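Chains as they are written, first to last, in the working numbering: chain A, 1 to 174; chain B, 175 to 737. All C-beta atoms, glycine included, are put in the ideal place defined by N, C-alpha and C. All of these numbers come straight from a predicted model, not from anything done at the bench. Some notes on the structure that comes next.
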Amino acid sequence: MSKDKQTRHVLSILVGNEPGVLSRIVGLFSGRGFNIKSLCVAETTEENVSRITLVTVGDMTILEQIKKQLNKLVNTIKVWDYTGMSFVNRDMALVRVRAKPDNRAEILRMADIFRSRVVDVGTEYYTLEVTGNEEKIAAFLDLLKPIGIKEIARTGTIALAREKQNKETLNGKN
Amino acid sequence: MTKKFNGAQILLKALQDEGVDTIFGYPGGAIIDIYHELVQTDINHILVRHEQGAVHAADGYARASGRTGVCLVTSGPGATNTVTGIATAYTDSIPVVILTGQVPTQMIGNDAFQEVDIVGITRPCTKHNYLVTRIEDLARTIREAFYIAGSGRPGPVLVDLPKDIMKQLAPYRPVGEISLKSYQPTYRPNIKQLQKVVGLIKKAKKPIIVSGGGVILSGASEELTKFVKTVYAPITSTLMGLGGFPTDHELWMGMIGMHGTYRANMSSADCDLLIAVGVRFDDRVTGKTESFASQAKIVHIDIDPTSIRKNVPVAIPVVGDCKTTLSLLNGLLEKEDFKDIRDAREPWVTRINEWKATKKLAYEQKDIIKPQYVIEKFYELTKGQAIITTEVGQNQMWAAQYYHFDRPNSFLTSGGLGSMGFGLPAAIGAQVACPDRVVADIAGDGSIQMNIQELATAVQFRLPIKLIILNNSYLGMVRQWQELFYGKRYACTDMQHAPDFMKLAEAYGAVGLKACHPDEVEGVLKKGLDTNETVIMEFVIEREEGVYPMVPAGAPITEMLLV
Chain A
1 MSKDKQTRHV
11 LSILVGNEPG
21 VLSRIVGLFS
31 GRGFNIKSLC
41 VAETTEENVS
51 RITLVTVGDM
61 TILEQIKKQL
71 NKLVNTIKVW
81 DYTGMSFVNR
91 DMALVRVRAK
101 PDNRAEILRM
111 ADIFRSRVVD
121 VGTEYYTLEV
131 TGNEEKIAAF
141 LDLLKPIGIK
151 EIARTGTIAL
161 AREKQNKETL
171 NGKN
Chain B
175 MTKKFNGAQI
185 LLKALQDEGV
195 DTIFGYPGGA
205 IIDIYHELVQ
215 TDINHILVRH
225 EQGAVHAADG
235 YARASGRTGV
245 CLVTSGPGAT
255 NTVTGIATAY
265 TDSIPVVILT
275 GQVPTQMIGN
285 DAFQEVDIVG
295 ITRPCTKHNY
305 LVTRIEDLAR
315 TIREAFYIAG
325 SGRPGPVLVD
335 LPKDIMKQLA
345 PYRPVGEISL
355 KSYQPTYRPN
365 IKQLQKVVGL
375 IKKAKKPIIV
385 SGGGVILSGA
395 SEELTKFVKT
405 VYAPITSTLM
415 GLGGFPTDHE
425 LWMGMIGMHG
435 TYRANMSSAD
445 CDLLIAVGVR
455 FDDRVTGKTE
465 SFASQAKIVH
475 IDIDPTSIRK
485 NVPVAIPVVG
495 DCKTTLSLLN
505 GLLEKEDFKD
515 IRDAREPWVT
525 RINEWKATKK
535 LAYEQKDIIK
545 PQYVIEKFYE
555 LTKGQAIITT
565 EVGQNQMWAA
575 QYYHFDRPNS
585 FLTSGGLGSM
595 GFGLPAAIGA
605 QVACPDRVVA
615 DIAGDGSIQM
625 NIQELATAVQ
635 FRLPIKLIIL
645 NNSYLGMVRQ
655 WQELFYGKRY
665 ACTDMQHAPD
675 FMKLAEAYGA
685 VGLKACHPDE
695 VEGVLKKGLD
705 TNETVIMEFV
715 IEREEGVYPM
725 VPAGAPITEM
735 LLV
C-alpha cells in the first residue's frame, strides 16, 4: 500500500475495564509495529469503563489499520480519532527546579506567565505543576532548563472532543 | 436449598450446554479435578500424546464439522505446548476453545510448580482469552468463550482455570443468550455498497472472483456457486478456499498464488474487476502487492474490517458475512438483466481457456513414483469425496493442486501459519467428527515426524486414518528453494536418516504399506482404502521433484517458473 504523509493522531478509546486490557492495546501496537507517542489511562464515571488517550503517528493507511485493529479487540467499546475534529487536549508536568535565593523570584514570575503553580517548596527546590498542550509544556521546560531542572514527571496527552462538532465526525467506530 | 456443584462439574455442565460432545486432551495435576468429573459424563475424551496434538485435533474437528473444537490441557508445559496449535487456528480463523489448568489462585505469581502466564503468552494469538478468578464467573466465561470463538470471524479462545476454582462449590444456572456491548460483528453488509458492486459487475469486461477461507467458514458455497453462474465470471480460490466451488465447472481456474495455476495468476493481472470473497490477501496469494491486480478495481467482501485495505487498495469495501452478503447480492442481481452476459464475457473466457490450454498443471510419470501421480490416483479411487489434511511444504501444495476439492470442509491445511505436524492430529479430529468419511493425511517424510506420536492416539481410538507419506528423504520445499534460489546448496535439508515407516507402523499397531515403483501405487492405495484400521502408506518418490508453477517470494504473481 502507498506510503502517505506521516501525521500525528490523538485517539480516544473507551474500553471495558477487564484485567489485561491495557496489555492487549499495547501488545497490538508493539506486535504490529505501530507507534505510541504517549498513552494515558483512567477510569470514567461509568463503572468498569476506562478511557485511553493514545497519541500515535502514521500515514492514513496505518491509521486506518490501527483504528480497525483497536475496534476488533473484544474489550474495545468505541474508538475516536480526534484528528480532523474539534477537541481540547492537555498534558501535565511536575517539574522540580533548583531554587537558589537569587532566582526564586524569576521562577515564580515564569510560573505566573505559564499559569503554573508551586506545589512543593523545599530549602533547595521548588516543584511546579503545569498543564497545557505539548508545545506549551515544552516551552516552559526550555525556559526552566538554564535555572536547573532536577527531575520531571510528565503525563501524556488527554483529550475530549468539543461539544459543538460537525455531526459526521462525531460518529466513532470507523 | 439450591444444589451446589464444584467448579469442575459446573465447567462440564457449561460445556454440555454448548453441545460439546468431544474433548481432545491430556491430563495433569492442575486439571485432575476436571478429569475426575469428566469420566462421569458422556463427553467423549480423546487422549492425545502431546498437547500440540490436542489443539490441532480440536482444530481439525472444527474445520471438518463446522462446530467449535474443544481441548483440555494442564498448566505450565501443558499450556505452552498448545501455543503452536493456537496460533495455527488463529491465523486460519478456526473456532477452538482451549481450556488450560492453572495453579491455585493464591499461588499465581509465585513461580509455582508448572505455573506459566498462559493468558499473557497467548494474548496475541487468541481472538480473546480469560483467567477465571471467581467461581461465580465460570459459567458465563465459558458461554462467552464459545460465543466469541464461533461468531464473527471465528478464532481460538483460551480459558485459564485455576485449580482451587475447580474445587469450590456454587450453584449452576445456564447462562443462555448473551450479547457483548463491545463485541458486535457485522453480518449484514451495507446495501448501498452492494448496489455499487452490481454496477461494477455490469460494466466489467474482464471480471474474476477470488474466493477464500471465509466462504468455507460461513458455509457460503451454494451462494457462491449461484453468484459465479449469474455474473459469469471466472473464479479462482486461495488455498484456504479450496472446496468452496466445484472444480469441474467451466469457469473454475484452479488455485491462485505462489503455486497457483498459470491462468489464475495471469487473469489476476489482466482483469478489470476482482471480487474477493472471504480472503485476506496473504503475501503467498498476491506476490508483489504493487503489481497485484493493478488493472482492476477490487471489491473486497469480508466480515473482518481489518482484512480490508490491509495489504491491497480496495475500491469497494463490503463488511459482512460471506453467506449473507452473497445471498443479498444474488437477490439484487436477479433484478438485473444478464441475458447477454455470456456473449459479453466470451472474449475474456476464451482468453483464459487459451492460457489453460498452453500451460497446464503437468508431470510425467516414468520409472520413479511421482507424488502428483499418487495424489491423482487417490483422488480417482476416493471419487473426490475424502477429507484431506496435509502437513506443510511440497506435500501440501501437491495435495492442493492434484486432489480436486468439490465440497467444502474437506481440505484441512495449515494455510496461514504453515505448521508442520498439523496433518496427523487434524486428521484425528476430522475422523472423530466425520466417522463415515475417508480421512487421509497427505504428508512428507519430514513433517510427519513432527507429531508422529499421535499415531498412538489414532490406533487407540481405532480411527481408520489413511496416512500417505510422500517420502523423498528431503525437507522438500526448502530443498526446492535451495535448488532454485540458493545455488543448489542443500543446507541441512537432506533427511536420509529417517525411521523405517513400516516398522514404525507395526510398533504403533497400525498397518504399514509401501510402494517403491509406479506399478505398485494403485495397489497400495486400494489396499489402504480397504483397511479399516489406521494405515501408513509410504511412497518412495522422485527425490528432487518440485512444485510448479512457482512464483519466487516477493515477485509479481505473473512471473511464474513453469518447469
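List the endpoints of the continuous beta strand (DSSP E) containing residue i.
i	result
residue 492 of chain B	490-493
residue 330 of chain B	330-336
residue 302 of chain B	302-305
residue 732 of chain B	Per DSSP, residue 732 of chain B belongs to no beta strand (DSSP E) and is neither H nor E.
residue 93 of chain A	87-98
Using DSSP with H/G/I as helix, E/B as strand and the rest coil, what is residue i?
i	result
residue 73 of chain A	coil
residue 436 of chain B	helix
residue 533 of chain B	coil
residue 68 of chain A	helix
residue 401 of chain B	helix
residue 44 of chain A	coil
residue 738 of chain B	Look at the range of chain B in this structure, 175 to 737, and you will see that residue 738 of chain B is not part of it.
residue 457 of chain B	helix
residue 276 of chain B	strand
residue 157 of chain B	Shown here, chain B extends from 175 to 737; a query on residue 157 of chain B therefore has no answer.
residue 125 of chain A	strand
residue 682 of chain B	helix
residue 282 of chain B	coil
Going by DSSP, what residue range makes up the alpha helix (DSSP H) through residue i?
i	result
residue 27 of chain A	21-31
residue 713 of chain B	No alpha helix (DSSP H) holds residue 713 of chain B; the beta strand (DSSP E) holding it covers 709-714.
residue 112 of chain A	104-113
residue 219 of chain B	No alpha helix (DSSP H) holds residue 219 of chain B; the beta strand (DSSP E) holding it covers 218-221.
residue 155 of chain A	No alpha helix (DSSP H) holds residue 155 of chain A; DSSP gives it neither H nor E.
residue 704 of chain B	692-704
residue 268 of chain B	Taken as a continuous stretch (DSSP letters only), residue 268 of chain B belongs to no alpha helix (DSSP H), as it is neither H nor E.
residue 448 of chain B	Note, residue 448 of chain B: premise wrong, no alpha helix (DSSP H); beta strand (DSSP E) at 447-451.
Could you tell me whether the Cβ atoms of residue i and residue j are closer together than 8 Å?
i	j	result
residue 421 of chain B	residue 578 of chain B	yes
residue 342 of chain B	residue 309 of chain B	yes
residue 644 of chain B	residue 555 of chain B	no
residue 288 of chain B	residue 336 of chain B	no
residue 204 of chain B	residue 248 of chain B	yes
residue 239 of chain B	residue 600 of chain B	no
residue 9 of chain A	residue 63 of chain A	yes
residue 637 of chain B	residue 670 of chain B	no
residue 712 of chain B	residue 676 of chain B	yes
residue 433 of chain B	residue 450 of chain B	no
residue 338 of chain B	residue 279 of chain B	yes
So is residue i in contact with chain B if we call contact Cβ pairs under 8 Å?
i	result
residue 76 of chain A	yes
residue 51 of chain A	no
residue 68 of chain A	yes
residue 20 of chain A	yes
residue 172 of chain A	Caution applies to residue 172 of chain A, whose pLDDT of 47 falls short of 50 and renders its modelled position unreliable; the model cannot decide the point.
residue 24 of chain A	yes
residue 65 of chain A	yes
residue 123 of chain A	no
Can you list, in chain order, the residues of its chain with a C-beta nearer than 8 Å to that of residue i? Leave out the 5 residues immediately preceding and following it.
i	result
residue 304 of chain B	293, 315, 318, 319, 331, 332, 333 and 334
residue 617 of chain B	564, 565, 569, 597, 598, 641, 642, 643 and 644
residue 582 of chain B	389, 390, 393, 395, 417 and 418
residue 281 of chain B	289
residue 261 of chain B	299, 591 and 593
Using a Cβ-Cβ cutoff of less than 7 Å, which residues in the same chain neighbour residue i once the five nearest sequence positions on both sides are dropped?
i	result
residue 172 of chain A	Residue placement at residue 172 of chain A cannot be trusted, given a pLDDT of 47 that sits under 50; what the coordinates show is reported in the next sentence. Within the same chain, residue 172 of chain A has close Cβ partners 78, 79 and 80.
residue 24 of chain A	73 and 75
Counting only beta-carbon atoms, is residue i nearer than 8 Å to chain A?
i	result
residue 699 of chain B	no
residue 357 of chain B	yes
residue 298 of chain B	yes
residue 491 of chain B	no
residue 766 of chain B	This structure does not reach residue 766 of chain B, given that chain B is present from 175 up to 737, and the question cannot be answered.
residue 221 of chain B	no
residue 224 of chain B	no
residue 448 of chain B	no
Excluding the 5 residues flanking residue i on each side, which residues of the same chain have their C-beta closer than 6 Å to its C-beta?
i	result
residue 590 of chain B	265 and 266
residue 431 of chain B	458 and 459
residue 174 of chain A	Caution applies to residue 174 of chain A, whose pLDDT of 38 falls short of 50 and renders its modelled position unreliable; the value that the coordinates give is listed next. Counting only Cβ-Cβ distances below 6 Å, and skipping sequence neighbours, we find nothing.
residue 119 of chain A	127 and 129
Contact set between the segment 309-335 of chain B and chain C, restricted to residues whose Cβ is under 7 Å from the partner | Looking for chain C here will not work: the only protein chains present are A and B.
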